[in-house]
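Structure record follows, encoded as structure tokens.
Residue numbers (this note's numbering), protein chains in the order written: chain F, 1 to 110; chain G, 1001 to 1119.
Structure (structure tokens):
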């Protein structure tokens, strides 16, 4: 099964903009993979941020946006805040009723 | 209130089996698939499989084929995940998660259940 890839870590300054990506070990990510993004703070269940590439889940601020950039899915956070510091996971639909998560990106805001 | 409530933490020995339950409330139980996702300590999320509460049909990722079984009891709106032949590598927090309207993402998560496998 093709691996789903994410940057292991990323840093952003408070108020800055960061783009996290989600790729495939072989091939390109498209809207047909229905990329979704989840935010997880330590000890908590994941929280759904984005689904179907670019649709924000209920209650998610518009600082979070999703897109396809080149051959990857992307999560962009604008105006980064201290409480954005946590782990972010992408998930892709791999076909044949199989889903796969990326390894996650640990975001630091400093 | 729309929610998924999971059973409590479990401690098991290698070779044992474990059953984790996930009780749904606040919505039509049979209308949405339930998925199971696990997270080993310090590691990422891992999709295990899903079950259709309407007809009990399920599918699992290859890694867990033959070792995991997902079932449901519609009378009490509860899904179960059974994992057998446990090893220390199965030590993880297990989450149930409900589909969103498009069935292509997870909209609602349980609180997680820690399963510890140790001799």
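C-beta atoms are modelled at their ideal positions from N, C-alpha and C, and glycine is treated no differently.
Quick caveat, the model's predicted, so the values are computed rather than measured.
Listed by chain order, chain F residues near residue i by CB distance under 7 Å
i: residue 1112 of chain G; result: 45
i: residue 1088 of chain G; result: Within chain F, no residue comes near residue 1088 of chain G; the closest Cβ sits about 21 Å away, beyond 7 Å.
Endpoints, the beta strand (DSSP E) within which residue i is located
i: residue 1093 of chain G; result: 1092 to 1099
i: residue 64 of chain F; result: 64 to 69
i: residue 1024 of chain G; result: 1018 to 1025
i: residue 1059 of chain G; result: 1058 to 1060
i: residue 1038 of chain G; result: 1034 to 1039
i: residue 1124 of chain G; result: With chain G covering 1001 to 1119 only, the question about residue 1124 of chain G has no answer from this structure.
i: residue 111 of chain F; result: Chain F is shown only over 1 to 110; residue 111 of chain F falls outside these bounds and no answer can be derived.
Whole-number beta carbon distance between residue j and residue i, since they are thought to touch under 8 Å
i: residue 1056 of chain G; j: residue 1072 of chain G; result: 6 Å
i: residue 101 of chain F; j: residue 4 of chain F; result: 6 Å
Buried or exposed by the 16-neighbour rule on C-beta atoms within 10 Å, applied to residue i
i: residue 14 of chain F; result: exposed
i: residue 110 of chain F; result: exposed
i: residue 44 of chain F; result: exposed
i: residue 1024 of chain G; result: buried
i: residue 1002 of chain G; result: exposed
i: residue 72 of chain F; result: buried
i: residue 1034 of chain G; result: buried
i: residue 1062 of chain G; result: exposed
i: residue 6 of chain F; result: buried
i: residue 1 of chain F; result: exposed
i: residue 41 of chain F; result: exposed
i: residue 1089 of chain G; result: exposed
Residue i: contacting residues in chain F (beta-carbon distance under 8 Å)
i: residue 1102 of chain G; result: 34, 51, 52
i: residue 1094 of chain G; result: The contacting residues do not exist; residue 1094 of chain G stays about 11 Å from chain F at best.
Chain-ordered chain G contacts of residue i [CB-CB under 7 Å]
i: residue 10 of chain F; result: None at all; the shortest Cβ gap to chain G is about 15 Å.
i: residue 82 of chain F; result: What residue 82 of chain F touches in chain G: nothing, since even the nearest Cβ is about 23 Å away.
Contact list for residue i against chain G, beta-carbon separation under 8 Å
i: residue 89 of chain F; result: 1044, 1045
Chain F contact residues for residue i, given Cβ-Cβ distances below 9 Å
i: residue 1107 of chain G; result: 48, 51, 57, 58
Interfacial residues, the stretch 1010 to 1037 of chain G to chain F, with Cβ spacing under 7 Å:
none
Give me the subset of the stretch 1053 to 1082 of chain G whose CB atoms are less than 8 Å from a CB atom of chain F, sorted by chain position.
For the stretch 1053 to 1082 of chain G, the set of positions with a beta-carbon nearer than 8 Å to some beta-carbon of chain F reads 1059, 1061, 1062 in chain order.
Contact residues within the stretch 48 to 68 of chain F, judged by C-beta distance below 8 Å to chain G:
48, 51, 52, 57
Could you list the residues in the stretch 32 to 44 of chain F with a C-beta less than 7 Å from some C-beta on chain G, going in chain order?
Here the close residues are 34, 36.
Residues in the stretch 89 to 105 of chain F with C-beta within 9 Å of chain G's C-beta atoms, listed in sequence order?
89, 91, 93, 96, 97, 98, 99, 100, 101, 102, 103, 104
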